[in-house]
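Residue numbers (my numbering), protein chains in the order written: chain A, 957 to 1311; chain B, 957 to 1311. Backbone N, C-alpha and C fix where the C-beta goes; we use that ideal spot for every residue, glycine too.
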């Protein structure tokens, strides 16, 4: 077994999910993740905890969704979730487009029926991770060997050290009032007063390496361009430009997918306003791979999301953007600056703790 | 998809497990069964029932068992079983010897910890089946294509018709007092008075095609030879001969594995006495493939088991053989006869309903 698979399993059990004796562990995995499942079973056994693996076969799911007329919450799955302490969800689909033929209404109905089960996870230990697969390598435009290096370089890191560095940034956001983003084709300002920044350091996402908050959504002013493609519902929007006034998108353009962007902005009241400001810090992730678990953490990027703000980041004084959607848009910061109350947090490709 | 996989799934859902609307269905499957899982999800969706698949990865299980020191009953798995209505267990291991390196004491301890969960299944709808795999084909000494034909020829049958034919045999066993088996090197008699014969017709095993009961174990007299290999704990015993007096094995011989047979007979009080008489009727199974799910149902064979009698077959008047083991021994009946109270039930290679 590739030594890195064992290290990945150790990080998941020790740092992310903190697996302890007698824990009931629920692994969700696809066929292609079997090597990681093996490594996890060994680690879970060492800790005298108890694993079960539920397999998620998207091709089977697609057939099930097509045939089913009415979706109810499956009580056996609910009982399993209720009794589980730790959830390890491994992305490893063998076909990332397996559900493309299912009507989006059906997907939405099914999601709704699963909501009571998803909610059971929130207050427990859970982590979402990726096992490298050939089809994900293909999506990332890499060979499989190159993609494995990419995945493990982003995961096998000193997460405690990352936590501590990011904590410095969290402090600055907590104490700060205004964020500015400046660079080619970009001059954007937003208030972060009273919002609650989060240190995402590999506990719930592996890889992680991100600090994020919900800006005061009515305060966003100015223009910004996104050089990395936006991917939403499998469609791509390239070289997006947005202009905000009082938090609302008042002008927009894109070199590709402008129609799709137009549709997104029209969905609801919140879909043409910002819900998240994220700052990617993971220096192990240096390529855009069309996988949001990685893309939004690329070191030296920032992302804004149109739509819904993330629970816990809004702060008591501010109103929540409760749009039905959340669309991440990523900007490379190579020739740009991010400032908090005038202080350069990210500039010349470096964070303040790297200078 | 091979049309036969869909037919297999239909038979499992309609005839075996009788899947209905709102049923909570639990599938246990290995990686290699994904095509059958897909077909099952489609059938389950059509019936507006709800599937979950728990994956059984024997290689992961082996590592888990090796590392774990103490086994407890996993409460999350128990909760899942409690809430499930239907269990479809698909044999499809990619390595039939994956657990060979685990100490048998550990396996026994683990089995014991899982007993409260296994017991939850007994009173519900459950079926054990086989998805054809290349390694199982290898074990059967066939090409994969040949093995698929073999598996589906034994499964895609008119099970209602088989049920009705077997019911005639059940009647004869219910009304009969004595079974005799006569043939080359064989002259055996046993009482079946008061025992409860069972019609195994694809409800709990797929394939099936077997009628079985627990003979009065103290009544077995005479000698019998078994031309098909006995397989127990992965070891083979060939051309076994047994001589019974008052139900006990008093002489034994085997061309290969005699030592192993000796060990079996010494295990406990019941291990040198009979626990089951089975009569295989499945004309779709014409080869011995080292897979007891198939072998004991070969048309025109009988089998005796040394050891434990099967629940429900003993009858109120008789004592149960409650040995810790159950070892099936199969005899081809080509040149032999099985008689009930003198009537030829199986002779010249034909059952009484085939004449």
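Query                                                                                                                                                                                          : Result
Rounded to the nearest angstrom, how far is the Cβ of residue 1263 (chain B) from that of residue 1239 (chain B), given a contact under 8 Å?                                                   : Between residue 1239 (chain B) and residue 1263 (chain B) the Cβ distance is about 28 Å, and since that is not below 8 Å, they are no contact.
Enumerate in chain order the residues of its own chain whose CB-to-CB distance from residue 974 (chain B) is below 7 Å, with the five nearest sequence positions on each side excluded.        : 1081
Check the DSSP bridge columns for residue 1081 (chain B) and list the partner residues they point to.                                                                                          : B:1042
Looking at C-beta atoms only, is the number of pairs between the stretch 1125-1136 of chain B and the stretch 1020-1039 of chain B that lie closer than 8 Å three or more?                     : no
What does residue 1001 (chain B) reach in chain A if we use C-beta pairs closer than 8 Å?                                                                                                      : 1019, 1020, 1021, 1022, 1023 and 1024
Using a C-beta cutoff of 8 Å, does residue 957 (chain A) count as contacting chain C?                                                                                                          : Protein chains A and B are contained in the structure displayed, whereas chain C is not.
Kindly list, in the order they appear in chain A, the residues whose Cβ is closer than 8 Å to that of residue 1080 (chain B).                                                                  : Within 8 Å Cβ-Cβ: nothing; residue 1080 (chain B) doesn't reach chain A, min ~12 Å.
With DSSP as the reference, identify every bridge partner of residue 1007 (chain B), one or two as the case may be.                                                                            : B:981
Give the residues of chain B in contact with residue 1035 (chain A), contact being defined as C-beta atoms less than 7 Å apart.                                                                : 1035, 1036, 1038 and 1039
At a CB-CB cut-off below 8 Å, which residues of chain A make contact with residue 990 (chain B)?                                                                                               : 987, 1013, 1015 and 1016
Would you please verify whether the beta carbon of residue 1248 (chain A) is less than 8 Å from any beta carbon of chain B?                                                                    : no
Locate the beta strand (DSSP E) running through residue 1315 (chain A), then write down its first and last residues.                                                                           : The requested residue 1315 (chain A) does not occur in the structure, where chain A is confined to residues 957 to 1311.
Is the CB of residue 1063 (chain B) under 8 Å away from at least one CB in chain A?                                                                                                            : no
Counting only Cβ pairs nearer than 7 Å, list the residues of chain B close to residue 1075 (chain A).                                                                                          : None at all; the shortest Cβ gap to chain B is about 17 Å.
Entirely within the stretch 1223-1287 of chain A and at least 4 residues each: give me those alpha helix (DSSP H) ranges in chain order.                                                       : 1248-1251
Where does residue 1139 (chain A) fall in DSSP's three states?                                                                                                                                 : strand
Residues of chain A with CB under 9 Å from residue 1028 (chain B), in chain order?                                                                                                             : 978, 1004 and 1006
Using the beta-carbon of each residue, which ones in chain B are nearer than 8 Å to residue 1010 (chain A)?                                                                                    : 1008, 1009, 1010 and 1011
Per the DSSP calculation, residue 1146 (chain B) is bridged to which residue(s)?                                                                                                               : B:1135
What residues from chain A crowd round residue 1031 (chain B), counting only those whose CB sits closer than 7 Å?                                                                              : 980 and 1039
For residue 1181 (chain A), write down the residues that DSSP places opposite it in a beta bridge.                                                                                             : A:1197
Do residue 1154 (chain B) and residue 1168 (chain B) have their C-beta atoms within less than 8 Å of each other?                                                                               : yes
Indicate whether at least one CB of chain A lies closer than 8 Å to the CB of residue 997 (chain B).                                                                                           : yes
Is there at least one Cβ from chain B nearer than 8 Å to residue 1319 (chain A)'s Cβ?                                                                                                          : As displayed, chain A neither begins before 957 nor continues past 1311, which places residue 1319 (chain A) out of reach and without an answer.
Taking all protein chains shown into account, do 16 or more other C-beta atoms lie within 10 angstroms of the C-beta of residue 1285 (chain A), making it buried, or fewer, making it exposed? : buried
Hey, quick one: how far does the beta strand (DSSP E) through residue 1294 (chain A) stretch, first residue to last?                                                                           : 1293-1296
Assuming residue 1249 (chain A) contacts residue 1104 (chain A) (C-beta within less than 8 Å), just tell me the rounded distance between them.                                                 : Residue 1249 (chain A) to residue 1104 (chain A), Cβ: 16 Å. No contact.
For the pair the stretch 1284-1301 of chain B and the stretch 1133-1141 of chain B, tell me if three or more CB-CB distances fall below 8 Å.                                                   : yes
Evaluate the contact criterion for the stretch 959-968 of chain B versus the stretch 990-1003 of chain B: three or more CB pairs, one atom per stretch, below 8 Å.                             : yes
In whole angstroms, what separates the C-alpha of residue 1108 (chain B) from that of residue 1202 (chain B)?                                                                                  : 42 Å
Between which two residues does the beta strand (DSSP E) holding residue 1209 (chain A) run?                                                                                                   : 1204-1209
Taking only the alpha-carbon atoms, compute the straight-line gap between residue 910 (chain B) and residue 1181 (chain B) and give it to the nearest angstrom.                                : For residue 910 (chain B) there is no data in the structure shown, the boundaries of chain B being 957 and 1311.
Can you list, in chain order, the residues of the stretch 1106-1124 of chain B whose Cβ is nearer than 7 Å to any Cβ on chain A?                                                               : none
For residue 1063 (chain B), I'd like the list of residues in its chain whose CB is within less than 8 Å of its CB, leaving aside the five on either flank, ordered along the chain.            : 1021 and 1055
Just reading off the alpha helix (DSSP H) that residue 999 (chain B) is part of, what are its end residues?                                                                                    : 990-1002
Within this structure, are the beta carbons of residue 1225 (chain A) and residue 1212 (chain A) separated by less than 8 Å?                                                                   : no
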